[in-house]
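> In this text, residue positions in the sequence shown follow UniProt numbering: the first is 1, and each later residue adds one. For each residue, glycine too, the CB sits at the ideal point set by N, CA and C.
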Amino acid sequence: MPASLIAYCGPAAIPQDFWLRWNTDPLLLAALAALAFVIARGRSADASAGWAALALMVVVFVSPLCALSSALFSARVTHHIILIAAVAPLLARAFPLPHLPWPPLAPVVAAHAIVVWLWHAPGPYAWALATVPAYWLMQVTLLGSAWLMWRSILAPWVQTGAALMALVATIGQMGLLGALIVFSPRPLYVVHFASTAAWGLTPLADQQLAGLLMWVLAMIPYLAAGLWITWSSLRAREPAL
């Protein structure tokens with residue numbers, strides 16, 4: 001992979017050095033430490049969710065998964081799934097920020113879908129790997145739009161039907177995107193041509209694996225959230241004994 005196409009996570013990880021490729025960026029570690037301080041001081045609405053979100057952020061940004069995502073598109077998609085389907089809802093529970101405005105749910109869901117599709121188009125995706133500012137723009141917009149969506153879905157005043165429709169719409173649009181990636185007859189993400197061989201994959205196989213992850217694996221957190229919302233709604237309707 002040309003050096004000009006390597007962004008924040010650095011050169012593509014290879015099997016021989018994978019477990020040595022931890023990210024020790026001082027600014028990132030300081031930001032994570034600041035978040036830990038806020039949670040420890042009791043400033044979050046749900047400390048357990050806050051700590052879980054922090055742990056997952058360490059996985060996606062500090063652990064060797066970061067360097068692996070420079071090598072494999074499938075690793076980058078895994079990174080994105082964790083970010084938008086696990087970190088975002090946990091942060092929405094830990095930091096709902098109820099004093100901020102609550103935009104209508106449908107536009108928020110649509111905006112998040114646009115952001116997801118934009119950053120998984122070959123051109124914007126390659127650009128996000130080209131510079132550190134572009135990389136962080138991708139991360140912030142993915143996480144921020146997902147947080148806004150989950151914040152509305154998990155809001156106690158949102159009707160169960162509306163929340164479930166939002167989850168179904170998100171599963172649908174991500175499944176469609178994953179299917180398009182899986183069934184593409186040629187590699188679209190040419191930035192990874194030189195790095196997939198070390199992991200025993202062709203660029204097309206890596207791309208197909210990424211599409212399957214987005215199509216199948218990514219729906220699990222949304223289905224789980226839907227079941228939890230439905231169960232909570234039914235429990236709330238039960239008459240008190």
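As a quick exercise: from Pro133, Ser145, Ala52, pick the residue whose alpha carbon is nearest that of Val109.
Reading the sequence shown from its first residue, position 109 is the one you call residue 109. Ranking Pro133, Ser145, Ala52 by Cα distance to Val109 puts Ser145 first.
> Can the beta-carbon of Ile181 be found closer than 9 Å to that of Gln139?
Sequence index remark: in the sequence shown, residue 181 carries index 181 (1-based). Sequence index remark: in the sequence shown, residue 139 carries index 139 (1-based). No, they are not a contact pair.
> Taking the continuous alpha helix (DSSP H) assigned at Asp206, which residues delimit it?
For this step, residue 206 is matched to residue 206 along the sequence shown. Start and end: 203-212.
> What residue range is occupied by the uninterrupted alpha helix (DSSP H) comprising Ile153?
In the sequence shown, the residue the question calls residue 153 occupies position 153. That run of the alpha helix (DSSP H) goes 132-153.
> Between the beta-carbon of Gly178 and the beta-carbon of Leu213, is there less than 9 Å?
Indexing the sequence shown from 1 puts residue 178 at position 178. Indexing the sequence shown from 1 puts residue 213 at position 213. The answer is yes: Cβ separation under 9 Å.
> On the CB-based measure, 16 or more other CB atoms within 10 Å of its CB, does His99 come out buried or exposed?
Numbered from 1 along the sequence shown, position 99 holds the residue referred to as residue 99. Classification for His99: exposed.
> For the region 40-107, which segments carrying the alpha helix (DSSP H) assignment without a break, of at least 4 residues, lie completely within its bounds, in sequence order?
List check, alpha helix (DSSP H) in window: 47-61, 65-68, 73-82, 88-94.
> Please classify Trp157: does DSSP put it in a helix, a strand, or coil?
Here residue 157 is taken as the residue at index 157 of the sequence shown, counted from 1. Residue state, collapsed to three classes: coil.
> With a threshold of 16 other CB atoms inside 10 Å of the CB of Thr196, please say whether the residue is buried or exposed.
Within the sequence shown, residue 196 is the residue found at index 196, counting from 1. By the neighbour-count rule (16 or more Cβ atoms within 10 Å), Thr196 is buried.
> Going by DSSP in three states, Tyr125 sits in which element: helix, strand or coil?
Counting from 1 along the sequence shown, the entry for residue 125 is found at position 125. Residue state, collapsed to three classes: helix.
> Please classify Ile114: is it buried, with 16 or more other beta-carbons within 10 angstroms of its beta-carbon, or exposed?
Here residue 114 refers to the residue found at position 114 of the sequence shown. That one is exposed.
> Could you have a look at Gln16 and say whether DSSP puts it in helix, strand or coil?
Within the sequence shown, the letter at position 16 stands for residue 16. Coil at Gln16, not helix or strand.
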